[in-house]
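*Asks:* Supplied in C-alpha cells, the structure appears directly below.
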C-alpha cells in the first residue's frame, strides 16, 4: 500500500515527440469482505478545477505565445466555469510551469508561469492588451496521488500587494526583470499580484 507516480510513455509513428502522461497510483487495502484485497486506483497526477466565473485557457509556459502557432494551440486546454479536467504536461523536457488566460477578456495575454507540483496558495495576475489586471486565486493541494489545482474568483479577498502612492506625482513600478509596468496616480492605491510568480519577488519603482 502507498502512493506512487509513474510515467506512461506513448510513442507516435509520425516522428512527433513521444507523449508522456504522469499517472498517480494509489494502493490501499480493502475493508470488510475485501480486507485481503489491495485496491489500486489510477488517476491523472494533476486535476484542474475551475470554480471561477471565467472560461480559462491553459498552456505550458513553452507554448504560451501570442504568435499564431497551430502546433502550440493544439496543446491548449480550456475549462468552462464549474468544470474539472485532467491535465498532463505536453512536454516534460520543458519547464513545468502553467500559464493561463481568460477567454472572456478581449485580447487577454498569458499569465506568468507558476508551479503546480507543491501545496500552495497564490493570486494569479492576468492582463489584457491595455495592461489592465485581472486576478484569480489558485489553491494547489496534494491528496493521495493527485494534485488538485483549484481556481476561484479573487474579488472577495484582498490582493497580496497594495501599492499606496501618497506623493504628489504619478509613480510606475514593475516586478524586477519583468516588462509589465503598472502606474499609480498621485494620492491613489493599486492592488497588485506578481506578474511572474516563479521569478524573484522584488519590485522596482
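In this note's numbering, the protein residues as written are 6 to 210. Just so it is clear, CB atoms sit at the ideal spot from N, CA and C, and this is done for glycine as well.
1. Going by CA-CA distance only, name the one from 43, 106, 121 that's closest to residue 51.
2. Check this for me: beta carbons of residue 202 and residue 76, under 7 Å apart or not?
3. Helix, strand or coil: which one does DSSP assign to residue 163?
4. What residue from 142, 31, 138, 32 has the CA that sits closest to residue 113's CA?
5. Go to residue 7, then tell me how far its alpha helix (DSSP H) extends in each direction, as first and last residue.
6. Report the residue from 44, 17, 19, 22 whose alpha carbon sits nearest the alpha carbon of residue 30.
7. For the putative contact between residue 176 and residue 189, defined by C-beta atoms under 8 Å, what is the C-beta separation to the nearest angstrom?
8. Going by alpha carbons, who is nearest to residue 126 out of 133, 136, 141, 115?
9. With three or more beta-carbon pairs closer than 8 Å as the criterion, would you say the segment 95-107 touches the segment 65-80?
10. Which residues does DSSP pair with residue 84 in a beta bridge?
11. Rank 181, 40, 41, 85 by C-alpha distance to the C-alpha of residue 56 and give the top, closest one.
12. Any idea if residue 200 is buried or exposed, counting beta-carbon neighbours within 10 angstroms, 16 or more meaning buried?
13. Leaving out five residues on either side along the sequence, give the residues of the same chain with a beta carbon under 7 Å from the beta carbon of residue 159.
14. Helix, strand or coil, according to DSSP, for residue 96 in the structure here?
*Replies:* So, from the data block:
1. 121
2. no
3. coil
4. 138
5. Residue 7 -> not in any alpha helix (DSSP H); beta strand (DSSP E) instead, spanning 7-15.
6. 44
7. 5 Å
8. 141
9. yes
10. Paired residues: 61.
11. 85
12. buried
13. 128, 140, 141, 142
14. In this structure, residue 96 counts as coil in the three-state DSSP scheme.
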